[in-house]
Amino acid sequence: NDVAERGEDVHETHKGPSVSIAYDADGNATKAAIGFARGKGLDVSELKVVDGYIFAETTTAGLDTKEVLSDVLPSLITGLSFPKSMHWGDLEERFVRPVRWLVALFGQDVVPVTFANVTSTNVSRGHRFLGESELTITEPKDYVDTLTKNFIMIDQDVRRETIRKQLTELAATKGATVVWDEDLLDEVTFLVEYPTALCGTFDESYLALPSDCIITPMKDHQRYFPMVDGKGKLLPMFLTVRNGDSKSLEVVAAGNERVLRARLDDAKFFFNEDRKTPLAGRYEALTKIVFQEGLGNLKDKTERLLTLGAALAQEVGFTDTVTLERATHLAKTDLTTGMVSEFTELQGIMGKEYALLDGETPAVGEAIFEQYLPRFAGDILPSTDAGRILSIVDQVDTIVATFSRGLIPTGSQDPYALRRQTIGIINILMDSKWSLSMRPIWMKAMELLGVASEKQEELLGQLENFFILRLKNILLEQGMPYQVVDIVLSQETVTVALAEGLGQALTANRIDENEPLMQAYTRIFNMVKDVTFTGVDESLLKEDSEQALYKAALPVYTTNRNALEAGDYVKAVSLAESLVPYIETFFEHVMVMDKDEAVKQNRLQLLRMTYEVSNLGKLK
340 NDVAERGEDV HETHKGPSVS IAYDADGNAT KAAIGFARGK GLDVSELKVV
390 DGYIFAETTT AGLDTKEVLS DVLPSLITGL SFPKSMHWGD LEERFVRPVR
440 WLVALFGQDV VPVTFANVTS TNVSRGHRFL GESELTITEP KDYVDTLTKN
490 FIMIDQDVRR ETIRKQLTEL AATKGATVVW DEDLLDEVTF LVEYPTALCG
540 TFDESYLALP SDCIITPMKD HQRYFPMVDG KGKLLPMFLT VRNGDSKSLE
590 VVAAGNERVL RARLDDAKFF FNEDRKTPLA GRYEALTKIV FQEGLGNLKD
640 KTERLLTLGA ALAQEVGFTD TVTLERATHL AKTDLTTGMV SEFTELQGIM
690 GKEYALLDGE TPAVGEAIFE QYLPRFAGDI LPSTDAGRIL SIVDQVDTIV
740 ATFSRGLIPT GSQDPYALRR QTIGIINILM DSKWSLSMRP IWMKAMELLG
790 VASEKQEELL GQLENFFILR LKNILLEQGM PYQVVDIVLS QETVTVALAE
840 GLGQALTANR IDENEPLMQA YTRIFNMVKD VTFTGVDESL LKEDSEQALY
890 KAALPVYTTN RNALEAGDYV KAVSLAESLV PYIETFFEHV MVMDKDEAVK
940 QNRLQLLRMT YEVSNLGKLK
């Protein structure tokens, strides 16, 4: 009702050539004036003269809203983005579901639109079983009310909260609490039009299974919500949502119980069969599972992980090599089990369960589980060092292996989820605070994968660029200014800990807005960017201001390095600020490019030493 039937007319004034060019001495219009008028759709007699120039006044009629909508709606529909869309029948158009009908109205008028061989009308449909098969929508304001009366809860936010409220209240009547999963709630929200919650049960004997063996079939396969008691113990009940009213709920519940029972019977069978062979006895079976084409099997990968994990453990000072080696040896063995073959979501989870049942230590079991963390954005991170190491080397091996085959993610294509895995490594390093250079890890992984030596340098560059880009995005998402991010990523050696810690310190000090500091160190950088620090000869420092800078910078040079190594980035930034007055005085009184080459080079060395205290990397 707030949209006009047509757009406003547009009145414009266009300036043309000067009068002396537009008209001849006799006042007749020249070709310039005639051409100008024609270009604006006017007769030359309609031109006006103002302040020695000719002007054309034009009016463009506003477009008919209905016609505009008819033109733009098809592209708006095709522009809708879905995780998965597909062709239906022999149609060219792609959509998430087959398009059966299309309603497009402006006021009481149907806007003519055709999409996927369906032409718009003013007729919609109610709930398939509860509503009318044809509903005439008189005008847009009636749409929601008409659909609601026909058992279609059109607003997804209302639908989601209705489901949440129903499930919460129904669980409370059972003395239980819903095990919430927001992704599952979203999925169910978009599976139903008129939600009604119901409760089902299953035999308590299934509770002898590990809880994940019950919850996974419930959530991932049947879209059911588990319930727990006040102590967090899983109950032999579940909640689900039907797309309909409350009639015959007991029949619907019985049907859902029957389906879940079959799933749990499968889980029970797989569990019992899997227990006949301990994880350690499954190691050789990894030879039957291909890792990637041309890169061997999972046993080959595991042996690489053993070596790569030992190298990473040494880098970060992890000494419990027994736990790490055992967890790595067993890491992939649960992939040979029937349970994980049937319920792939349980990889790592069942590895931990089976390992503990086999008598492995809790530390080994936890590391086996944590190797797959994080599994998605916002997921929990490994909490143990063995788990962190195993997760990092597992992902590094996959990333390097995939890159070595030339399968580098481009655009939206990332079939091996290498971006997610790289972000996972970065998040683990941020969480652990390990000051780890990734370069030796990339190099070791390439060596273990047998990458030809002549290809390693190029591949290393690709890996580092890919890693740095992900790190850059994460730092920007943390709110760091672009200039700060550029500074920390231009350090001679970039580690995740340095990038995050120094970036936070620089951001807190608003270093990008500190003009005296930035000007001082930028001036130095422009002079010494190609200078390698070899030392300062104090005997060649003749001027008071250069001696003062040297005496101030020398202890700071050592203290700054110690602060960086200790992760005290706030102190490192403050040290750089402390030298700014000395730098300004130096440039006021000292000519760096002295005629004496020895003095000149010594002053450049002094400035190089001073700049290395700045922690500003390669300034742009």
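Okay, so the sequence shown: first residue is 340 according to our numbering, each after it adds one. Quick reminder that beta carbons are idealized off the backbone N, C-alpha and C, glycines included.
For residue 353, the uninterrupted beta strand (DSSP E) segment begins and ends at 349 to 357.
By the neighbour-count definition (other C-beta atoms within 10 Å, threshold 16), residue 885 is a buried residue. Around residue 879, the same chain offers 937, 938 and 941 as residues with beta carbons nearer than 7 Å, after the five sequence neighbours per side are excluded. For residue 921, the three-state secondary structure derived from DSSP is helix.
Collapsing the DSSP output to three states places residue 539 in a strand. Inter-residue distance for residue 710 and residue 773 is about 17 Å (C-alpha atoms, whole angstroms).
Remark: C-beta atoms of residue 539 and residue 593 approach each other more closely than 9 Å.
In this chain, the alpha helix (DSSP H) harbouring residue 609 covers 588 to 613. Of the candidates 507, 707, 925 and 680, 707 places its Cα closest to the Cα of residue 692.
Look at residue 733 here: in three-state DSSP terms it is helix. Following the DSSP letters along the chain, one finds residue 567 inside the beta strand (DSSP E) bounded by residues 564 to 567. Between residue 420 and residue 949, the alpha-carbon positions lie close to 53 Å from each other. In the DSSP assignment, residue 393 forms a beta bridge with 388. CA-CA distance, residue 803 to residue 764, rounds to 13 Å. The continuous stretches of alpha helix (DSSP H) do not include residue 574, which lies in the beta strand (DSSP E) extending over residues 573 to 582.
Between the region 726 to 743 and the region 776 to 790, the count of C-beta pairs closer than 8 Å reaches three or more; the two stretches touch. Assignment of residue 404 by DSSP, reduced to helix, strand and coil, places it in the helix class.
When the beta-carbon positions are compared, residue 908 and residue 818 stay at least 9 Å from each other. In the three-state reduction of the DSSP assignment, residue 467 falls in the coil class. One alpha carbon belongs to residue 460, the other to residue 756, and they sit about 43 Å apart.
Contact annotation: residue 663 and residue 712 have beta-carbon atoms that are not nearer than 9 Å. Taken through DSSP and simplified to helix, strand or coil, residue 634 comes out as coil.
Counting the other Cβ atoms within 10 Å of the Cβ of residue 769 gives 16 or more, which makes it buried. Here DSSP, grouped into helix, strand and coil, assigns residue 876 to coil.
Here residue 415 is not near residue 510, since their CB atoms are 9 Å or more apart.
Excluding its 5 nearest sequence neighbours in each direction, residue 575 has C-beta neighbours in its own chain below 8 Å: 540, 541, 542, 543, 545 and 546, listed in chain order.
DSSP places residue 806 in the helix class (H, G or I) of the three-state scheme. Between residue 452 and residue 409, the gap from beta carbon to beta carbon is short of 9 Å. For the set 904, 387, 580 and 396, the Cα lying nearest the Cα of residue 530 is the one of 580.
Take the alpha-carbon of residue 487 and the one of residue 561: they are about 27 Å apart. DSSP places residue 505 in the uninterrupted alpha helix (DSSP H) bounded by 495 to 512. Per the C-alpha coordinates, the member of 569, 582 and 479 positioned closest to residue 528 is 582. Residue state for residue 749 is assigned as strand, using DSSP reduced to three classes.
Rounded to the nearest angstrom, the Cβ distance from residue 736 to residue 647 is 6 Å, consistent with a contact under 8 Å.
Judged by DSSP in its simplified three-state form, residue 819 adopts coil rather than helix or strand. Around the CB of residue 608, fewer than 16 other CB atoms lie within 10 Å, so the residue is classed as exposed.
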